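K.L.:
Protein chains in written order, with this note's numbering: chain A, 1 to 468; chain B, 469 to 839.
Written as structure tokens, this is what we have:
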């Protein structure tokens, strides 16, 4: 697909080809909307179904039935008539629904009457001492390598953190014949109290049976230890993981440390588009303010999937459908669409049990609010102490912090430090993250080369100016 | 509620307001500065940082020269070097016709006694800016020019102003301005302040203050856009600007390259928000592509715009109010006010304190907009 082949405008542009995006695009295209779906990766699937059409991991037991459920969604989207464009980086979305996209080194701007942002989630920053050392990566990164390329971690591997994905990755590595030296569980014991309130719902949810089975499977094959602190240690690269619980301290020699403490909505595109966001105290993250159809505060722009608040892959698809139904009803009221009530009921079922998981896997304060020389902003190498000191001196928010320390101003555009900076300022100033707010984010939401930008077609006005 | 009192109320915590507050305090006055957001929140904190005397309108050259003298000892003034570096500004001619125009301008300036602009040929241009494309036949250099860190500069002026006795109220909005006997009563969201003198340095919001004084001005709210690349090996020292096409271009110490030049975003001043216009930034990208072939593979990591005021004649309003004794205006710097900040603050403080200034500011009065 070439950038020049894009139409200048579409009824619906879907950004992100995970479950929410795939479901939204197929429903809308089948209802007759001219629909384009952009995904950054060559193939669709998002993170959860990464490589679903191309993975070399063909033994279905390794990635599990939940992964392969993505196949049907991908096929459904492919045959729906939606234009699915892989390798397409969306770097701009403005309130007028102008989408800036780069494909194969060429940039284009297209217009859309409706936009569904389905850019999903990202891993929560896990800023522990040494997390910037080579040899330390995120569990999500390791899972992507496994799904997309069939790559297993090599060397002595330690997995640390909390959350369902951590255990799923461990199971997938073990099933594929990989080895894990230890799993360091950082889930605070105290979480159980809050989580128990939600246990009845959880037991009725689809998560319960699967989750317990997964835990048993992993515990049978790998060493699991608990810790309330952790550090990656090494000179040029990781050599050992130091961790402890209470007074005790242990060390494990390691070549690879995979960190994970849950996922949070990937808010960059929605914030840059001007959508209002709010702090979710229960999931400890920012999320867009949405109506029942997942419409944001910006007219015509919806956010579906985990980007709307973490609820998992199956829920994401249902959310995508609800957002797509709203788009169809607005643009083509005569078209036949599924009954949204039925979809909402399915969604409700999928969301059941979530609260239990959220409370159980809530990362401890010390893993979200680092101290001392621990790096917070990796791009600009800003430490926790610098952020805390600046907040104590009177810096009230992340945008001022950016101006003072340059944190959040590197190529990752704050993805790896945004939540940490907000929480540190709130902590230091004895207020709430809701009060402190998040980075003001600006397009390009993803870096774009000067050559790509220069390749944008010349506007009418400019052409006239040259011809004159 | 009893009103607070001050010698001067400065409205607006941009570089200009902070500089004026500092210079007032240095003269022994007690100013209160009122800023609706925080100091440097808008154009003062996020402009391109060019410290440029080059290519200025005749009416503001004296202010610019006064300012340059302060920039060159900025650390003595504010206790921080403000990131100021002096590698000159080069105005690049893209063809012979443009160069001929520049030659005429430089000669005209010399006749008027200004020598800071100097015509350069192709060889000197290549020496100063080796990376520039070969088709450029020469240009103009102002060798004492340079660049500084805009947010750091504004903060440094704010901090030093406070140290010298100014009060700075941030997050406080001015809601009214009226005579109260021999004083001015400035109503704010944090109570009233009474003072004999008021300085209107409210930038993109300054027209509202002027309007309450019965002297409306044709102020346009603008938001010049900038973009910045990821870090590149050092390849250019001076700031480079163009005349025919809109471009300003400079590499910072950290290797990133800031690309600006006056293409405008859409500003929403009541929401403190701007929307970037990518088709115009693409024009900047094409200009850079042609002028600096080495930049083609560079990555753009951010783009932004700062809200400020532009006057129809592209020069600021500096001087006393034409309707209201005791009020002074300092706004409308039309996308080139950063370099003028230190000097204009000094001139304004002189004007407020003594009623006159030795620096010529004729041609910058608000009276020029009277119908």
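Every residue, glycine too, gets a C-beta built ideally from N, C-alpha and C. Just so it is clear, the structure is predicted and the values come from calculations on it, not from any experiment.
Measure from the C-beta of residue 39 of chain A to each C-beta in chain B and report whether the shortest distance is under 7 Å.
P.N.:
So no, residue 39 of chain A is outside the interface.
K.L.:
Looking at C-beta atoms only, is the number of pairs between the region 1-14 of chain A and the region 319-334 of chain A that lie closer than 8 Å three or more?
P.N.:
They touch, by the three-pair rule.
K.L.:
Looking only at DSSP bridge pairs, what is residue 502 of chain B linked to?
P.N.:
Answer is B:479 and B:637, bridged to residue 502 of chain B.
K.L.:
Just the Cα atoms here: how many angstroms apart are residue 194 of chain A and residue 214 of chain A?
P.N.:
Rounded to whole angstroms, residue 194 of chain A to residue 214 of chain A spans 22 Å at the Cα level.
K.L.:
Does the beta-carbon of residue 212 of chain A have 16 or more other beta-carbons within 10 angstroms, so that it is buried, or is it exposed?
P.N.:
Label assigned to residue 212 of chain A: exposed.
K.L.:
Quick one, are the C-beta atoms of residue 497 of chain B and residue 709 of chain B less than 7 Å apart?
P.N.:
For residue 497 of chain B and residue 709 of chain B, no; Cβs fall outside 7 Å.
K.L.:
Would DSSP call residue 764 of chain B helix, strand or coil?
P.N.:
Residue 764 of chain B: coil per DSSP, three-state reduction.
K.L.:
Consult DSSP for residue 9 of chain A and reduce its assignment to one of helix, strand or coil.
P.N.:
Three-state result, residue 9 of chain A: strand.
K.L.:
Locate the alpha helix (DSSP H) running through residue 564 of chain B, then write down its first and last residues.
P.N.:
Element bounds for residue 564 of chain B: 564-579.
K.L.:
Output yes if chain C places a C-beta closer than 7 Å to the C-beta of residue 779 of chain B; else output no.
P.N.:
Checking the listed chains, one finds no chain C in this structure; the protein chains it contains are A and B.
K.L.:
Just reading off the beta strand (DSSP E) that residue 607 of chain B is part of, what are its end residues?
P.N.:
Residues 606-610.
K.L.:
Answer yes if the region 142-152 of chain A comes into contact with the region 241-255 of chain A, meaning at least three C-beta pairs across the two stretches below 8 Å, and no otherwise.
P.N.:
No, they do not touch.
K.L.:
Can you list, in chain order, the residues of its chain whose CB lies under 6 Å from that of residue 629 of chain B, leaving out five sequence neighbours each side?
P.N.:
Excluding sequence neighbours, residue 629 of chain B sits near 486, 489, 490 and 493.
K.L.:
Should the region 100-112 of chain A be called in touch with the region 121-141 of chain A, which here means at least 3 C-beta pairs below 8 Å?
P.N.:
No, the region 100-112 of chain A does not touch the region 121-141 of chain A.
K.L.:
Please classify residue 171 of chain A: does DSSP put it in a helix, a strand, or coil?
P.N.:
In the structure shown, residue 171 of chain A sits in a helix (DSSP, three-state: H, G or I).
K.L.:
Give the residues of chain B in contact with residue 100 of chain A, contact being defined as C-beta atoms less than 7 Å apart.
P.N.:
The answer, in chain order, is 746.
K.L.:
Taking 7 Å as the CB-CB limit, is residue 288 of chain A close to chain B?
P.N.:
Chain B contact via Cβ: absent.
K.L.:
Closest to residue 154 of chain A by CA distance: which of A:221, A:257 and A:127 is it?
P.N.:
It is A:257 whose Cα lies nearest to the Cα of residue 154 of chain A.
K.L.:
Around the Cβ of residue 530 of chain B, are there at least 16 other Cβ atoms within 10 angstroms (buried) or fewer (exposed)?
P.N.:
When all chains shown are included, residue 530 of chain B counts as buried.
K.L.:
Could you spell out the range, first to last residue, of the alpha helix (DSSP H) harbouring residue 535 of chain B?
P.N.:
Its alpha helix (DSSP H) spans residues 529-539.
K.L.:
Going by beta-carbon coordinates alone, are residue 556 of chain B and residue 735 of chain B separated by less than 7 Å?
P.N.:
No, Cβ-Cβ distance for residue 556 of chain B and residue 735 of chain B is not below 7 Å.
K.L.:
Using the C-alpha atoms, what's the distance from residue 185 of chain A back to residue 232 of chain A?
P.N.:
Residue 232 of chain A and residue 185 of chain A: Cα-Cα distance of roughly 15 Å.
K.L.:
Going by DSSP, what residues sit across from residue 675 of chain B in a beta bridge?
P.N.:
In the DSSP output, where bridge partners are listed per residue, residue 675 of chain B has none listed.
K.L.:
Identify each residue in the region 420-452 of chain A for which the Cβ-Cβ distance to at least one residue of chain B is less than 8 Å, and report them in chain order.
P.N.:
Within the region 420-452 of chain A, the residues whose Cβ lies closer than 8 Å to some Cβ of chain B are 442, 443, 444, 447, 448, 449, 450 and 451, listed in chain order.
K.L.:
With 7 Å as the limit, tell me which residues of the region 609-634 of chain B have their beta carbon closer than that to any beta carbon of chain A; keep them in chain order.
P.N.:
So the list reads 619, given in the order they occur along the chain.
K.L.:
State yes or no: is the beta carbon of residue 516 of chain A nearer than 7 Å to at least one beta carbon in chain B?
P.N.:
Look at the range of chain A in this structure, 1 to 468, and you will see that residue 516 of chain A is not part of it.
K.L.:
So what does residue 796 of chain B bridge to, in DSSP terms?
P.N.:
BP columns for residue 796 of chain B point to B:667 and B:788.
K.L.:
Could you name the residues of the same chain whose beta carbon sits closer than 8 Å to that of residue 664 of chain B, not counting the 5 residues immediately before and after it, in chain order?
P.N.:
The answer, listed in chain order, is 475, 476, 650, 651, 652 and 794.
K.L.:
Measuring alpha carbon to alpha carbon, tell me which of B:832, B:839 and B:828 ends up nearest residue 534 of chain B.
P.N.:
When each option's Cα is compared against that of residue 534 of chain B, the closest is B:828.
K.L.:
Short check: CB of residue 288 of chain A to CB of residue 270 of chain A, under 7 Å?
P.N.:
In this structure, residue 270 of chain A lies closer than 7 Å to residue 288 of chain A by Cβ.
K.L.:
Under 7 Å, do residue 382 of chain A and residue 407 of chain A count as touching if we go by C-beta distance?
P.N.:
Yes; because the gap between Cβ atoms is below 7 Å, this pair is in contact.
K.L.:
Give a single yes or no on whether residue 604 of chain B has its beta carbon closer than 6 Å to a heavy atom of the ligand COA.
P.N.:
Only the bare structure without any ligand can be found here, which leaves the ligand COA out of the picture.
K.L.:
Return the CA-CA distance between residue 298 of chain A and residue 569 of chain B, expressed in angstroms with no decimal places.
P.N.:
Looking at the two C-alpha atoms, the distance is approximately 48 Å.
K.L.:
Using a C-beta cutoff of 7 Å, does residue 94 of chain A count as contacting chain B?
P.N.:
Taking Cβ atoms only, chain B reaches closer than 7 Å to residue 94 of chain A, which makes this a yes.
K.L.:
What three-state label does DSSP hand residue 651 of chain B in the structure shown?
P.N.:
In this structure, residue 651 of chain B counts as strand in the three-state DSSP scheme.
K.L.:
What residue range is occupied by the uninterrupted beta strand (DSSP E) comprising residue 244 of chain A?
P.N.:
First-last of the beta strand (DSSP E) with residue 244 of chain A: 240-245.
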